[in-house]
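Okay, structure first, notes after.
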Amino acid sequence: MVNRIVTGAHYGLRDWLAQRVTAVIMALYTVIMIVVFARRAPLTFESWKALLAQGWMRVATLLFAVSLAWHAWVGMRDILMDYVKATGLRLFMEICVLVLIAAYVAWTIQILWR
Amino acid sequence: MSSAVNKKARPKYLSLPALLFEIRLPLPGWISILHRISGLLLFFPLAAWLLYLLDASLASEQGFERVRSHYLQLPVVKLALLVFVWAYAHHFCAGIRFLFLDIDKGLDLKTARLTSALVLVVSLAVTAAAAVKIW
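Structural data, given as structure tokens:
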């Protein structure tokens with residue numbers, strides 16, 4: 001029996017679950033990509049561009065990127081909570097992580113829908 | 115000051131030589147810390163670097179050729195690619211191991227050690243295969 005100090009609700013269950021669901025989504029995407037690339041002839045610019053122009057590919061890649069964003073946020077926040085004890089510095093670094101994640105997602109969308 | 119006197123001093127044995135040579139992390143512990151390190155590397159800087167490669171190779175025919183026949187041929191870039199392959203493979207394998215631990219599979223010591231070794235070996239083998247392929 002764990003005697004918890006009451007600090008609020010949830011105890012991180014949502015993040016715990018999100019970490020695992022996003023992990024499974026990314027793992028599936030990874031396996032699909034390995035199959036797609038293993039079955040393809042050596043890439044040319046045209047075939048590379050055509051591959052990423054397909055609708056399902058764009059949707060799957062965006063789903064991957066969003067999963068990565070959420071997954072990376074939980075992971076990076078855990079790392080910062082463990083090693084950065086000064087509250088102000090940790091808050092600053094968490095904001096940096098969030099800004100970087102937002103930039104990654106925006107960049108991915110820009111690349112996919114050029 | 116009084117509280118420091120009243121509190122029973124906890125024994126600490128974390129000198130640098132002790133950390134380096136005496137306290138040895140068990141194999142599952144290595145998988146765990148490497149999962150963390152590989153995750154950090156994948157988030158930054160590897161994700162940014164891959165987005166850059168994706169962007170450059172899709173921007174134009176010249177960009178694609180430059181990436182493929184010049185940039186990706188540089189030894190230092192090949193090395194960075196291998197770091198990415200290792201980090202991805204390790205994070206992937208160790209992550210799947212953790213998912214199984216979550217559903218109470220492989221919790222006994224023998225299996226936990228075996229799957230740890232498996233994670234380490236598989237991700238290094240994948241990295242070695244990638245090294246052979248790009249050189």
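So the sequence lines, in the order shown, correspond to chains A and C.
Every letter in the first sequence is one number past the one before it in the working numbering, and letter 96, counting from 1, is 96.
Count along the second sequence from 1, add 114, and you get the number used in the working numbering.
For every residue, glycine included, the Cβ atom is placed at its ideal position computed from N, Cα and C.
A quick note: this is a predicted structure, and the numbers were derived from the prediction, not measured.
Taking a contact to mean a Cβ-Cβ separation below 8 Å, would you say residue i touches residue j in this structure?
i: isoleucine 25(A); j: leucine 63(A); result: yes
i: valine 97(A); j: glutamine 19(A); result: no
i: serine 230(C); j: isoleucine 151(C); result: no
i: lysine 49(A); j: leucine 168(C); result: no
i: alanine 72(A); j: valine 105(A); result: no
i: valine 84(A); j: methionine 76(A); result: no
i: cysteine 207(C); j: valine 191(C); result: no
i: valine 245(C); j: leucine 196(C); result: Sequence check: residue 245(C) is alanine here, not valine. Yes, the pair counts as a contact, with Cβ atoms nearer than the cut-off.
i: phenylalanine 214(C); j: leucine 160(C); result: no
i: threonine 108(A); j: alanine 65(A); result: yes
i: isoleucine 137(C); j: alanine 27(A); result: no
i: leucine 91(A); j: phenylalanine 158(C); result: no
Can you tell me where the alpha helix (DSSP H) holding residue i begins and where it ends?
i: glycine 153(C); result: 141 to 155
i: valine 199(C); result: 189 to 216
i: lysine 247(C); result: 223 to 248
i: valine 181(C); result: Where valine 181(C) is concerned, there is no enclosing alpha helix (DSSP H), given that its DSSP letter is neither H nor E.
i: leucine 133(C); result: That residue, leucine 133(C), is in no alpha helix (DSSP H); it is neither H nor E in DSSP.
i: serine 171(C); result: 161 to 173
On the three-state DSSP scale, how would you describe residue i?
i: glycine 12(A); result: coil
i: tryptophan 113(A); result: coil
i: lysine 49(A); result: helix
i: alanine 38(A); result: helix
i: arginine 20(A); result: helix
i: isoleucine 25(A); result: helix
i: glutamine 54(A); result: coil
i: glycine 220(C); result: coil
i: leucine 128(C); result: coil
i: alanine 123(C); result: coil
i: threonine 30(A); result: helix
i: threonine 108(A); result: helix
i: leucine 43(A); result: coil
Drop a sphere of 10 angstroms on the beta-carbon of residue i, count the other beta-carbons inside from all chains shown, and report buried for 16 or more, exposed for fewer.
i: tryptophan 16(A); result: exposed
i: tryptophan 200(C); result: buried
i: alanine 102(A); result: exposed
i: leucine 156(C); result: buried
i: histidine 204(C); result: buried
i: phenylalanine 135(C); result: exposed
i: arginine 14(A); result: exposed
i: histidine 184(C); result: exposed
i: isoleucine 111(A); result: buried
i: methionine 115(C); result: Note on methionine 115(C): pLDDT 45, under 50, position unreliable in the model; the coordinate value appears next. Methionine 115(C) comes out exposed.
i: serine 129(C); result: exposed
i: valine 181(C); result: buried
i: serine 67(A); result: buried
i: serine 47(A); result: exposed
i: threonine 241(C); result: buried
i: threonine 225(C); result: exposed
i: glycine 153(C); result: buried
Length-filtered (3 minimum) beta strand (DSSP E) runs lying within the segment 57 to 89 of chain A: none
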